[in-house]
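From first to last, the protein sequence lines stand for chains G and Y. The opening position of the first sequence corresponds to residue 51 in this note's numbering, with each subsequent residue numbered one higher. The opening position of the second sequence corresponds to residue 14 in this note's numbering, with each subsequent residue numbered one higher. Cβ atoms here follow ideal geometry from the backbone N, Cα and C, with glycine treated the same way. Since the structure comes first, as C-alpha cells, the remarks are kept for the end.
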Amino acid sequence: MQTLKIAGQEFASRLFLGTGKFGSSQQMEEAILASGSELVTVALKRVDLETDTDSILSHLQHPHIHLLPNTSGARNAKEAVFAAQLAREALETNWLKLEIHPDPRYLMPDAIETLRATEELAKLGFIVLPYIHADPVLCKRLEDAGTAAVMPLGSPIGSNKGLRTIDFLEIIIEQSKVPVIIDAGIGAPSDAAKAMEIGADAVLVNTAIAVAGNPVEMAFAFRLAVQAGRMAYEAKLGNRFNQAIASSPLTAFLGE
Amino acid sequence: MTFKTIFEAQNWDETKASIYAKTAKDVENALSSKKKTLEDFKAMISPAAVPYLEQMAQLSSELTKKRFGKTIQMYAPMYLSNECNNICTYCGFSFDNKVLRKTLTDKEILQEVEAIKEHQFNHILLVTGEANRTVHVDYFKNAVELMKPHFANISIEVQPLETEEYKVMHDAGVYSVLIYQETYHEEVYKEYHPKGKKSNFQYRLETPERVGDAEIHKIGLGVLLGLEDWRTESFFCAMHLEFLQNKYWQTKFSISFPRLRPAEGSIEPNVIVSDKELAQLIFAYRIFNENVELSLSTRESETFRNNILTLGITSMSAGSKTNPGGYAVAPESLEQFEISDERSAKEIADLIRNSGYEPVWKDWDNALVYNE
Numbered sequence: 051m052q053t054l055k056i057a058g059q060e061f062a063s064r065l066f067l068g069t070g071k072f073g074s075s076q077q078m079e080e081a082i083l084a085s086g087s088e089l090v091t092v093a094l095k096r097v098d099l100e101t102d103t104d105s106i107l108s109h110l111q112h113p114h115i116h117l118l119p120n121t122s123g124a125r126n127a128k129e130a131v132f133a134a135q136l137a138r139e140a141l142e143t144n145w146l147k148l149e150i151h152p153d154p155r156y157l158m159p160d161a162i163e164t165l166r167a168t169e170e171l172a173k174l175g176f177i178v179l180p181y182i183h184a185d186p187v188l189c190k191r192l193e194d195a196g197t198a199a200v201m202p203l204g205s206p207i208g209s210n211k212g213l214r215t216i217d218f219l220e221i222i223i224e225q226s227k228v229p230v231i232i233d234a235g236i237g238a239p240s241d242a243a244k245a246m247e248i249g250a251d252a253v254l255v256n257t258a259i260a261v262a263g264n265p266v267e268m269a270f271a272f273r274l275a276v277q278a279g280r281m282a283y284e285a286k287l288g289n290r291f292n293q294a295i296a297s298s299p300l301t302a303f304l305g306e
Numbered sequence: 014m015t016f017k018t019i020f021e022a023q024n025w026d027e028t029k030a031s032i033y034a035k036t037a038k039d040v041e042n043a044l045s046s047k048k049k050t051l052e053d054f055k056a057m058i059s060p061a062a063v064p065y066l067e068q069m070a071q072l073s074s075e076l077t078k079k080r081f082g083k084t085i086q087m088y089a090p091m092y093l094s095n096e097c098n099n100i101c102t103y104c105g106f107s108f109d110n111k112v113l114r115k116t117l118t119d120k121e122i123l124q125e126v127e128a129i130k131e132h133q134f135n136h137i138l139l140v141t142g143e144a145n146r147t148v149h150v151d152y153f154k155n156a157v158e159l160m161k162p163h164f165a166n167i168s169i170e171v172q173p174l175e176t177e178e179y180k181v182m183h184d185a186g187v188y189s190v191l192i193y194q195e196t197y198h199e200e201v202y203k204e205y206h207p208k209g210k211k212s213n214f215q216y217r218l219e220t221p222e223r224v225g226d227a228e229i230h231k232i233g234l235g236v237l238l239g240l241e242d243w244r245t246e247s248f249f250c251a252m253h254l255e256f257l258q259n260k261y262w263q264t265k266f267s268i269s270f271p272r273l274r275p276a277e278g279s280i281e282p283n284v285i286v287s288d289k290e291l292a293q294l295i296f297a298y299r300i301f302n303e304n305v306e307l308s309l310s311t312r313e314s315e316t317f318r319n320n321i322l323t324l325g326i327t328s329m330s331a332g333s334k335t336n337p338g339g340y341a342v343a344p345e346s347l348e349q350f351e352i353s354d355e356r357s358a359k360e361i362a363d364l365i366r367n368s369g370y371e372p373v374w375k376d377w378d379n380a381l382v383y384n385e
C-alpha cells in the first residue's frame, strides 16, 4: 500500500482516531494501539496542562503516535486562532485540527469562519486540517488558503450514519490537491472501507470505536477495514453494472 | 418573539389534564417517533409511561453514550454568600430566617479555592443568595477573576441580572449561568416567594433570554421538584428549553433536577417526587433532547446516584458544601439545604470508574475565550 503523506509527514496507517468519549483513558490507549493509528486528535479543552499526570496525554506517550490538537469549543475564527496558538505552545506541535462549530446541537462546521481561520493559521505556520462540510468549492478555497488537508464530514458528527454525503465526497476526492480525510459519521468498519474504496486518503473515527461494546476489538476491526478498503482502491475496483453483460446486441452488426 | 408570549397562551390546568390523558399508545408512538415533539415529551412523563420505564432507561442510556460518550463531568458548588433579601419558604437562606449571614472576602474565597482544588475539581459553580447591595455584579466579577487562574470552567447561580451585567460576567470568564424558574405555576410562585425581588415571576421567566442575549455559552434550567405537580412543571421547563434552543442556536443548555431537601426553617414538600418518577423524568428529557446536558447534585441519595449515572446524566457534583466557607473557612455557617450524598469527590470518581465511565474534570479552557 502507498504511504500517506501530509505536509511531508508519512503515515503508515490511514486510520486516525479521536480520544473523547472513551470509558477510561486506559481503554482509549488500548484501542489506539490496536487501531495502529499514528495520528490522534486531542481536544485542547480536555487537556489539563497544569498537571503532569493529565489523564489523556499520559496515555498517548508512544513514539509512533502524533498528536493533533483540536479547537473544539471555538465559535469563530478569532477564538480558534487564539486557542491554536496556545495549543501549539503547550503541546509543542504546529499541527492543528481546526474545528469551528458554533452550533452545539449538531456541531456543524462554520464554513466562513473556518476559511478565515485557515488563511490566518497557514500564515502563522500551522499545518491546518480543517473539519468542514462536504463542500467541494470550500475545499478548493481552503487549498488556496494553504490548508494541509481537508476533513469533510460523512454525516453529522457522532451519528454513526455513514457516508451520507458520498456524492460530494467523490467530487472532493476527484478534485483535491491535498489529502482528503473523511471525518465524522463513520459508524461501522464497512463505512470506513467504503470511504477508502472511493479514494479517501484517510478516515477519522471516534464515537464508533469509543462507545462500542468492546472498543479495542472495534479499533482493530476498523484497522482491517481501512487496509482492505485502501488495497481495493489501489487494486482498482471493477465497475458495477445493474445486469450481466453477456453479449453485444447493439454492436454485433459491426462484425469482427 | 419572547417566551413570555408563548407561555401566557398556556393554561396550567389544561396542560396538566392533557399530560394525564396520555395513553400507552401515545407513549409507544413517542418512543418510536423519529423527531421528538413536546407532545411526545408529555407522553413520556405521563403516568401511562410508567410501564415503559425499562425501555426508556435503555434508550436514554444509549443516546447519552452516543452523544457524550462514557463520561461524566465533575463539578463542585462554591457558596460565596448566604445573605438574602428574598423570602422563599423552602430555602435555608430565606430573609426571615434569623441566623448569622456570611459573605466571603477575597482571602476567604482563596482559602475555599485551595480546599476545593485538593479534590481535583476544575469546574466550579458559584452560588449566592440575593443581596443586591453587597453581593452584586462587581462582587461577582471580582470573585470570577480570583477563580480564573484556578478553574477551567466557571458557572454562576445567582440572582437574575440584566443583559449588560451578564455581558460583564461573560467577559470576566463565566461559561454558564444557571437560573431555575422554581415553579412555572404563576399563582403558586407568589405564595412561595412572598417578598423580595424574586417575587417577580415575569422577570425571572425572562432571565434565560437575557443570558442568551449576552452570549453566555451555556444556560442551565430547572424547576424545584416538590412545589407543584412535577409533570406539568417539567413540561413547561421542556417548552422553555425548546424555545430557547431555537432562539439561541449557539448556546448550550443543561437541565437540573433539584428535589426539595430539608433546610433550616423551611416548609415540607407539597409534592413528593419518588426516585422512580425522577428517573422517568431524566429518561424523558434525554429521549426528548439528545444534546441537552443533564446534571445531578448531591441532593440525591447514594443509591439513586450509583444507579442513575450511566442512564442519562452528564454531570455530577460531589463532596458538596452548601454554606459559604463550607470547605475550609466556616464549616458551621448556615447551609442552603442538607445534602444527601455525602461521599467525597474521590469516592464518586471511583464509583464512576467502576461503572465503566470516565470522570471528566476538565472540559473547557480559557484559551477558547477570546475577548477583543
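C-beta contact flag for residue i and residue j at 8 Å
| i | j | result |
| --- | --- | --- |
| I177 (chain G) | V200 (chain G) | no |
| L347 (chain Y) | G186 (chain Y) | no |
| L118 (chain G) | W145 (chain G) | yes |
| A128 (chain Y) | A331 (chain Y) | no |
| F248 (chain Y) | I58 (chain Y) | yes |
| F272 (chain G) | V255 (chain G) | yes |
| M87 (chain Y) | V126 (chain Y) | no |
| S45 (chain Y) | G325 (chain Y) | no |
| T327 (chain Y) | E306 (chain Y) | yes |
| F153 (chain Y) | I167 (chain Y) | no |
| I122 (chain Y) | A156 (chain Y) | yes |
| E219 (chain Y) | K47 (chain Y) | no |
| F214 (chain Y) | Y202 (chain Y) | yes |
| I321 (chain Y) | I285 (chain Y) | no |
| P206 (chain G) | G235 (chain G) | yes |
| E163 (chain G) | I150 (chain G) | yes |
Helix, strand or coil at residue i [DSSP, three-state]
| i | result |
| --- | --- |
| W243 (chain Y) | helix |
| Y340 (chain Y) | coil |
| N320 (chain Y) | helix |
| T91 (chain G) | strand |
| S85 (chain G) | helix |
| F272 (chain G) | helix |
| S240 (chain G) | helix |
| W25 (chain Y) | helix |
| R166 (chain G) | helix |
| M201 (chain G) | strand |
| M182 (chain Y) | helix |
| V286 (chain Y) | coil |
| L123 (chain Y) | helix |
| Q293 (chain Y) | helix |
| L99 (chain G) | coil |
| R405 (chain Y) | Outside the displayed span of chain Y (14 to 385) sits residue 405 (chain Y), for which this structure offers no information. |
| S267 (chain Y) | strand |
| P162 (chain Y) | coil |
| N379 (chain Y) | helix |
| S108 (chain G) | helix |
| V176 (chain Y) | Val is not the amino acid found at residue 176 (chain Y); the sequence shown has Thr there. Residue state, collapsed to three classes: helix. |
| I182 (chain G) | strand |
In DSSP terms, what residue i is bridged to
| i | result |
| --- | --- |
| W374 (chain Y) | Note: W374 (chain Y) sits in no beta bridge, so no partner. |
| A89 (chain Y) | Y:I137 |
| W145 (chain G) | G:I177 |
| M329 (chain Y) | Y:M87, Y:L309 |
| E170 (chain Y) | Y:V140 |
| L118 (chain G) | G:T91 |
| V253 (chain G) | G:L65, G:I232 |
| L54 (chain G) | G:F61 |
| S94 (chain Y) | Y:T116 |
Check: residue i C-beta below 7 Å from any heavy atom of the ligand MN
| i | result |
| --- | --- |
| T257 (chain G) | Judged by which ligands are present, the structure shown has none, so any question about the ligand MN falls away. |
Proximity test, Cβ basis, 8 Å: residue i and chain A
| i | result |
| --- | --- |
| Y179 (chain Y) | Of the protein chains in this structure, namely G and Y, none is chain A. |
Answer yes if the segment 30-38 of chain Y comes into contact with the segment 262-269 of chain Y, meaning at least three C-beta pairs across the two stretches below 8 Å, and no otherwise.
no
Contact between the segment 239-256 of chain Y and the segment 134-152 of chain G is defined here as three or more beta-carbon pairs at a separation below 8 Å; is this criterion met?
no
Which residue spans inside the segment 182-239 of chain Y form an unbroken beta strand (DSSP E) run of at least 3?
Counting whole runs of 3 or more residues, the segment 182-239 of chain Y contains the beta strand (DSSP E) stretches 189-191, 231-235.
Please confirm if the segment 344-359 of chain Y is in contact with the segment 57-67 of chain G, defined as three or more CB-CB distances below 8 Å between the two stretches.
no
Quick check on the DSSP output: what are the complete alpha helix (DSSP H) runs of length 4 or more inside the segment 210-236 of chain G, in order along the chain?
216-225
How do the segment 48-55 of chain Y and the segment 89-109 of chain Y stand: do at least 3 beta-carbon pairs fall below 8 Å, yes or no?
Contact between the segment 48-55 of chain Y and the segment 89-109 of chain Y is not established, with fewer than three Cβ pairs separated by less than 8 Å.
Is it a yes or a no for the segment 139-147 of chain Y touching the segment 361-377 of chain Y, going by three-plus beta-carbon pairs under 8 Å?
no
Measuring CB atoms only, is the segment 200-220 of chain G touching the segment 263-277 of chain G, in the sense that at least three cross pairs come out at less than 8 Å?
no
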